[in-house]
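Inspection log for the structure reproduced underneath, given as structure tokens.
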Amino acid sequence: MKNDFLLIFMFLIGVSCSAQDVTELEKMLLSRGLMKTVKDWSEEERVDMEEPTMAVINLTGFDKMPTTKREEKKGWVEIWDGEGNYFHKPVMLHGQGGYSLKFPKRNFSLHLCDIFWNEEGGAEVRIGDWVRQSSFHFKAFYNDFLRGFGEVGYKVYELMIADRQPFWNRVGYVDESRARCFPDGFPCAVYLNGTFYGVFAWQLKKSRKNMNMKKYEVGHIHLDGDLNDKNLFGGNINWTQFEVRNPQQLYVKNGSHYDGNYPKELLDSKCAAFSLSDDAEDIKEEKRRTHEVKQSIIRLSQYGKELETLERKGLSEKEMRLEIEQRYEIESLIDYYLHYVLTYNCDGSLKNWQWFTYDGKRWIVTPYDLDQTFGINLYGVVRPANLPMERLTSGPFRWIDRYYQDDIRQRWYELREQGLVAAEQIVAFADDWYERVGEEFYAMERMLWTESPCYNEAECNAGWEVYNDWSIYGDTKAYNAAVYYYAGDICKYEGRLWRATANVTGVKPFRRNANIDNLERLHVWIAERIDFLDNLWGYESRPNAIVEIAETSSSSRQLIGIFTLSGVKVDRPVSGVYIYVYSDGTTKKMLIQ
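Its first residue numbered 435, the sequence shown is counted upward by one per residue in my numbering.
Structure below.
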């Protein structure tokens, strides 16, 4: 009778699902005590909750999940946060990501809507310390066993910049904000029409609010996409390869509104559509703003050539550094560089980074899309921790490479001395994520997504074998189907080395490119990676350091809670970085070792 009532209720809200689907979800909810609701936010326009340890969401009314960014699916979502908070709301789903959309298990974006599926009228949700948003990303992490490598990477980055000012303050834009300027996430189990669909990371988006930007402020510019020498930093701009996410209400050259899903060159004062006789004043202002934004992006594209010209004129190192620092916020570039090398961010040197400015002049960078980190690449192949990376010289980083090597080394020393980079803490982030998901959901994940690379070994075609001498990887030529390979010849393909065991041509090296992975491997890799970088930069650790990060406040306040960086409350700290929350609303971070 209970299941019949639930079926009728779900049918009335436009959901079509079977009794078996409901039973599977309901059984899980009952087993975890999630059916009891302390607060139902379904009718609220604003939802406030702490970061869940492990959330559960049920997507209903969908025939299937979206497979592309432009595919639009309408339905409903039910959310249980594990602490008694619940809501049920209409949503719009889109596919999310680039290459990852080719995998069987795909990322998706979820936008809360009003009852007519208008995205502008959707509820806004504030989770923990995040900015309030109405849409979120759900990351599949199909290639990594943790289903959360990227989220661990963001937590590592958050720790690495813990002693820095907020990004906007560094360039003179003083403001109080919860914005992070890079994502964060927590684990969740996703059900589709009552049937388990997978473990995902519920992730904060690269939204205007999370960048602490005003919607129509001409200097608040945020760029996202394939931002590299070819498309931007080399002097020529390919406007179709990146998106201007902020400011908004911009125009393209023919006078149409700018659409970031189909990016085109921005309008400027030289365009015929810039000044039309029938333009209203607000349109004129939007076009003027578009012109200024375009000039800022053009100026950014010319920075490299300007600096090369100054270098040829024979400026001293000190003079060159002053010129560089007028164009880029150097602390962000140095921290990005170190995080890139520490996590072995395979896909973070030509794209998957966010470039933004608050004055249209000095540009900041932060990481994004960290799915190829901690040793795994796009194909799930595990690379050794002691493998050097190619020097990061793309775009503005050529100047970091030339003029800031001592600063990089010094910053590494600071991070190590302060305990902001420590193997124990990074391992703790990974362990925390694993424990929050739990063995039950990981077992369900392995049963459902059996082809995930991290659950399988590589399978070679006849005449080939895996070759593991990574020291020659950079000098090895890529596989070519037209080449005749003799026994003993080596090639690289899909991020790994292969050796011919017989004379062969026209046969690719593998049937399956994969690597079984686990938590033990990750623990060892992290420790070895830090040792490798310590040796690279000549750092010798000093044990038993205890560092307080941030100043203490008034002694009259009372401590009301101690939390991990993942937002989990603890009775007492053991080791790592903790957030102390006080009765006057202040917080401080403490490193305990």
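Ideal placement from N, C-alpha and C gives every residue a C-beta, glycine not left out. Keep in mind it's a predicted model, so treat the numbers as computed, not measured.
query: At which residues does the alpha helix (DSSP H) containing N786 begin and terminate?
result: Boundaries cannot be given for N786, as no alpha helix (DSSP H) includes it and DSSP labels it neither H nor E.
- request: Kindly confirm or deny that the stretch 661-675 and the stretch 750-757 touch, where touching means at least three C-beta pairs closer than 8 Å.
  value: Remark: fewer than three beta-carbon pairs, one from each stretch, lie closer than 8 Å, so the stretch 661-675 and the stretch 750-757 are not flagged as touching.
message: Pull the bridge partners of L700 from the DSSP assignment, please.
response: In the DSSP output, where bridge partners are listed per residue, L700 has V686.
task: Have a look at D716 and H654 and give me their C-alpha separation to the nearest angstrom.
output: For D716 and H654, the gap between their C-alpha atoms comes out near 19 Å.
query: Looking at H957 and V405, is the spacing between their C-beta atoms short of 8 Å?
result: Only positions 435 to 1027 of the chain appear in the structure, and residue 405 is not among them; the question remains open.
- request: Classify T471 as helix, strand or coil using the three-state DSSP reduction.
  value: The answer is coil: DSSP assigns T471 none of H, G, I, E or B.
- prompt: From I996 to Y588, what does the alpha carbon distance come to, in whole angstroms?
  reply: It is roughly 21 Å from the alpha-carbon of I996 to the alpha-carbon of Y588.
D769 burial status per 10 Å Cβ neighbour count (16 or more: buried): Counting Cβ neighbours within 10 Å, D769 comes out buried, since at least 16 surround it.
- request: Taking only the alpha-carbon atoms, compute the straight-line gap between I732 and L710 and give it to the nearest angstrom.
  value: Each residue's alpha carbon lies about 24 Å from the other.
field: DSSP state of F439 mapped onto helix, strand, coil
entry: Bear in mind that the predicted position of F439 carries a pLDDT of just 39, short of 50, making it unreliable; the figure below should be weighed with that in mind. F439 falls in the helix class under three-state DSSP.
field: Own chain residues within Cβ distance below 6 Å of K643, not counting five before or after
entry: Excluding residues within five positions, the ones whose Cβ falls inside 6 Å are V565.
query: Is N688 buried or exposed, if buried means 16 or more other CB atoms sit within 10 Å of its CB?
result: Under this definition N688 is an exposed residue.
field: Rounded separation between E677 and F831 - CA only
entry: Rounded to the nearest angstrom, the gap between the Cα atoms of E677 and F831 is 21 Å.
- prompt: Span of the alpha helix (DSSP H) holding E478?
  reply: Careful: E478 lies outside any alpha helix (DSSP H) and carries neither H nor E.
- request: Please name the residue, chosen from H571, F708, W551, W789, that lies closest to R540 on a Cα-to-Cα basis.
  value: Nearest in C-alpha terms to R540, of all of H571, F708, W551, W789, is H571.
message: Can you tell me whether R945 is helix, strand or coil according to DSSP?
response: Look at R945 here: in three-state DSSP terms it is strand.
field: Contacts around F575, its chain only, beta-carbon distance under 7 Å, and the 5 residues preceding and following it disregarded
entry: R581, G582, F583, G584, A635, D805, listed in sequence order.
Bridge-paired residues (DSSP) for D658: DSSP output for D658 lists E677, Q788 as bridge partner(s).
- request: Could you please give me the residues that DSSP links to A801 through a beta bridge?
  value: The question names Ala, but residue 801 in the sequence shown is Pro. Answer is W787.
Those residues which DSSP pairs with G529 across a bridge: Per DSSP, F542.
- prompt: Which same chain residues, not among the five before or five after W867, have their C-beta less than 7 Å away from its C-beta?
  reply: Within its own chain, the residues whose Cβ lies closer than 7 Å to the Cβ of W867, once the five positions on either side in sequence are excluded, are L580, G582, E585, V586, P621, listed in chain order.
query: Taking just the CA atoms, how far does N952 sit from N890?
result: One C-alpha to the other measures close to 11 Å.
For R870, the three-state DSSP class (helix, strand or coil): When secondary structure is reduced to three states using DSSP, R870 falls in the helix class.
message: According to DSSP, is T910 part of a helix, a strand, or is it coil?
response: Secondary structure of T910 (DSSP, three-state): coil.
field: Exposure label - A856; buried when at least 16 CB within 10 Å
entry: With 16 or more Cβ atoms within 10 Å of its Cβ, A856 is classed as buried.
field: Residue closest to D618, alpha-carbon to alpha-carbon, out of K507, G782, G562
entry: In terms of Cα proximity to D618, the closest of K507, G782, G562 is G562.
- request: Measure the C-alpha to C-alpha separation of V871 and G516 and round it to an integer number of angstroms.
  value: So the alpha carbons of these two residues sit roughly 12 Å apart.
field: Simplified DSSP state of L626, which is helix, strand or coil
entry: L626: strand per DSSP, three-state reduction.
field: H691, enclosing beta strand (DSSP E) - first and last residue
entry: Careful: H691 lies outside any beta strand (DSSP E) and carries neither H nor E.
message: Can you tell me whether N811 is helix, strand or coil according to DSSP?
response: It is coil, neither helix nor strand.
field: Proximal residues to S513 (C-beta, below 6 Å), its chain only, five neighbours per side dropped
entry: Residue 513 is actually Ile in this sequence, not Ser. Within its own chain, the residues whose Cβ lies closer than 6 Å to the Cβ of I513, once the five positions on either side in sequence are excluded, are I491, F521, listed in chain order.
query: From W959 to V775, what does the alpha carbon distance come to, in whole angstroms?
result: So the alpha carbons of these two residues sit roughly 13 Å apart.
field: Euclidean distance between Cα positions of K536 and L993
entry: Near 48 Å, if we compare the C-alpha coordinates of L993 and K536.
field: A557, DSSP secondary structure in three states
entry: The answer is coil: DSSP assigns A557 none of H, G, I, E or B.
query: Which one of T471, N519, F944, E745 has the shortest CA to CA distance from C894?
result: The candidate whose alpha carbon is nearest that of C894 is F944.
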